[in-house]
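J.: Structure below; questions to follow.
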Amino acid sequence: MGCESCSSGSCSTANKDGLPPGMLQKYRLNIDRSDGFLVWIETETDEEGRPRMCGYCRELLGRIREMDGGRSRVWGVIFGHLELKPLYPEIYSYGVETLYEVHDRRLSVYHPEAYAENIAQIVIRTEPAVILFGATPRGRELAPRVAALLDAGLTADCTGLELNDRDLLMTRPAFGGNVMATIRCTTFPQIATVRPGTFPVPEPDTSRRGTVIYWQNSSETLKEILKTESRRTADEDISGARVLVSLGAGVKKDLIPIAESLAAKLGGTVSCSRKLVENGWFPQSRQVGQSGKNVSPEIYLAFGISGSIQHLAGIASAKRIIAVNSDSNAKIAEVADEFIIGDANRIIAELEKSL
Ligand SMILES: Cc1cc2nc3c(=O)[nH]c(=O)nc-3n(C[C@H](O)[C@H](O)[C@H](O)COP(=O)(O)OP(=O)(O)OC[C@H]3O[C@@H](n4cnc5c(N)ncnc54)[C@H](O)[C@@H]3O)c2cc1C
């Protein structure tokens, strides 16, 4: 059969449905019946090489409960092998009622095509109205594949979610971050990737129980991955920090070690605005904001940061914002719980000394 996308008789890049290689099927959902939420439970390995649930999944599950008040069903999908059992109680405690564990030894290693196919099949079985992924490197790769298989829309990189009956209102920065757009999807299921650090982590309810369903992998594209190499850097993850000492262009470079010491004394870590990443003073992993990370610390100390819309997009969930700026009209004052007019360099040094 010739390729329908390019009308060439010899092309092998697309299959008979006009889908990219590896996407063999389109699935159809009954939109009248669809209800509830399905969340991809992403896992990572801890220091001892054991799997654990990625922290942002707690935020997503907490937000679902908050929006929906526990009315709808919540499904989780997790991939791997027998060693996932110890994770079940925690997953249930954040609100998953039914956990689909896709079984196949080979799926312990991330495999985008096979993960997407299995999720699409589980979606056809469960018929959720909403599917959520973290906007992590894997979630960003997996969600569009699932959306393509289900012929559904996808809103990527959301920084806010609201529910209106079965309609999900998804907020994300648009037009280079100059406006925050709220998007409603006209197709079901409604799929979104959500930035880690967007919502506060809820308290777990350890009395919650759930059910696990073992789902036999039926992907036709599963390959044996012989070897993987981790490229993870040793840099700290700012999205889970309780206290952030965040530095902007108003801070001098030689203050960085003092700010680091201050952050350590406060039990936190240092983050920054994009300008300092552009200066080469910090790696991108420390950047807060629209093109950096969303953070939700108990205390966000902003030194010499003006408060651009792109920066503020990353601190919407911070519990308490204390800003120091020499300009009384700085935009960050509009969102700060406490605003101190003064020299950030002097205040960092004095605070560090006094502690
Ligand atoms: C598509 C796009 C995505 C972006 N993503 C991000 C992002 O993720 N994160 C991000 O941060 N930015 C992002 N930006 C850049 C953003 O628009 C701003 O340029 C940036 O946030 C400004 O950083 P800043 O506040 O450190 O610097 P400035 O805006 O230059 O502000 C410096 C502040 O320091 C104050 N100051 C100066 N001297 C002192 C002193 N001695 N003591 C106290 N205060 C002092 C000044 O009054 C000023 O308010 C993005 C831009 C675009 C277009």
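Heads up: the sequence shown is residues 1 to 355, going by the numbering used here.
Think of the CB as a built atom: it goes at the ideal place given N, C-alpha and C, for glycine as much as any other residue.
1) In this structure, how does DSSP classify S326 when only helix, strand and coil are distinguished?
2) Provide the residue span of the alpha helix (DSSP H) that contains C57, from first to last.
3) With ligand 1 as the reference, list in chain order each residue whose Cβ lies under 5 Å from any of its heavy atoms.
4) Counting pairs of Cβ atoms below 8 Å between the segment 280-294 and the segment 321-334, do you hit three or more?
5) Evaluate Y214 with the Cβ neighbour count: other Cβ atoms within 10 Å of its Cβ, from every protein chain shown; 16 or more gives buried, anything less gives exposed.
6) Return the bridge partner residues of H103 from the DSSP annotation.
7) Here's the rule: buried if 16 or more other CB atoms are within 10 angstroms of the residue's CB, otherwise exposed. What is L226?
8) Alpha carbons only, please: which of T45, Q190, D165 is nearest the one belonging to Y110?
9) Can you grab the Cα-Cα spacing for the pair L161 / M67, in whole Å?
10) For L255, report the span of its alpha helix (DSSP H) as first-last.
11) Which complete alpha helix (DSSP H) runs does the segment 231-307 hold, if anything under 4 residues is left out?
12) Less than 8 Å between the beta carbons of I191 and G134, yes or no?
13) How would you write the range of the beta strand (DSSP E) that R184 sits in, first residue to last?
14) Evaluate G49 with the Cβ neighbour count: other Cβ atoms within 10 Å of its Cβ, from every protein chain shown; 16 or more gives buried, anything less gives exposed.
15) Considering only the beta carbon of each residue, do G240 and Y88 sit closer than 8 Å?
16) Which residue comes first and which comes last in the alpha helix (DSSP H) that contains L87?
17) Do V251 and I299 have their beta-carbon atoms positioned less than 8 Å apart in this structure?
18) Check for me: the beta strand (DSSP E) holding A174 runs from which residue to which?
19) Assuming V295 contacts L266 under a Cβ cut-off of 8 Å, what Cβ separation, rounded to an integer in Å, is found between them?
20) Specify, as a first and last residue, the run of the beta strand (DSSP E) that I340 falls within.
21) Taking only three categories from DSSP, how would you classify A384?
22) State yes or no: is the C-beta of L163 within less than 8 Å of the C-beta of C185?
23) Examine the Cβ distances between the segment 217-224 and the segment 301-315 and report whether three or more of them are shorter than 8 Å.
24) Would you check if the distance between the CB atom of Y100 and the CB atom of W75 is smaller than 8 Å?
25) Report, in whole angstroms, the separation of the C-beta atoms of V130 and V102, which I expect to be a contact under 8 Å.
26) Less than 8 Å separating the beta-carbons of I119 and V96?
27) Would you grab the beta carbon distance between E117 and L29 for me? Rounded to a whole angstrom, and I think it's under 8 Å.
28) List the DSSP bridge partners of P51.
29) Quick one: using the 10 Å Cβ neighbour count with 16 as the cut-off for buried, is R105 buried or exposed?
30) Tell me the DSSP secondary structure of V74 in three-state form.
31) What residue range does the alpha helix (DSSP H) around G139 cover?
T.: With the given structure in hand:
1) Three-state result, S326: coil.
2) 56-68
3) G176, G177, G248, A249, G250, S273, R274, K275, G289, Q290, S291, G292, G304, I305, S306, S308, Q310, H311, N325, S326, D327, A330, D343, A344
4) Segments in contact, no.
5) exposed
6) According to DSSP, which records beta bridges pairwise, H103 is partnered with G80, Q216.
7) exposed
8) When C-alpha distances from Y110 are compared across T45, Q190, D165, the shortest belongs to T45.
9) 8 Å
10) No alpha helix (DSSP H) contains L255, which DSSP labels as neither H nor E.
11) 256-265, 274-278
12) no
13) Per DSSP, the continuous beta strand (DSSP E) segment holding R184 begins and ends at 179-184.
14) exposed
15) no
16) Looking at the DSSP string, L87 is not in any alpha helix (DSSP H), and its letter there is neither H nor E.
17) no
18) Annotation for A174: the continuous beta strand (DSSP E) segment containing it runs 167-174.
19) About 15 Å; that fails the 8 Å criterion.
20) 338-341
21) Any property of residue 384 remains undetermined from this structure, which presents the chain solely from 1 to 355.
22) no
23) In short, these stretches do not touch, since the Cβ pair count stays below three.
24) yes
25) A Cβ-Cβ separation of about 20 Å leaves V130 out of contact with V102 under the 8 Å criterion.
26) no
27) No, E117 and L29 are not in contact; Cβ-Cβ is about 15 Å, not under 8 Å.
28) Per DSSP, T45.
29) exposed
30) Look at V74 here: in three-state DSSP terms it is strand.
31) 137-150
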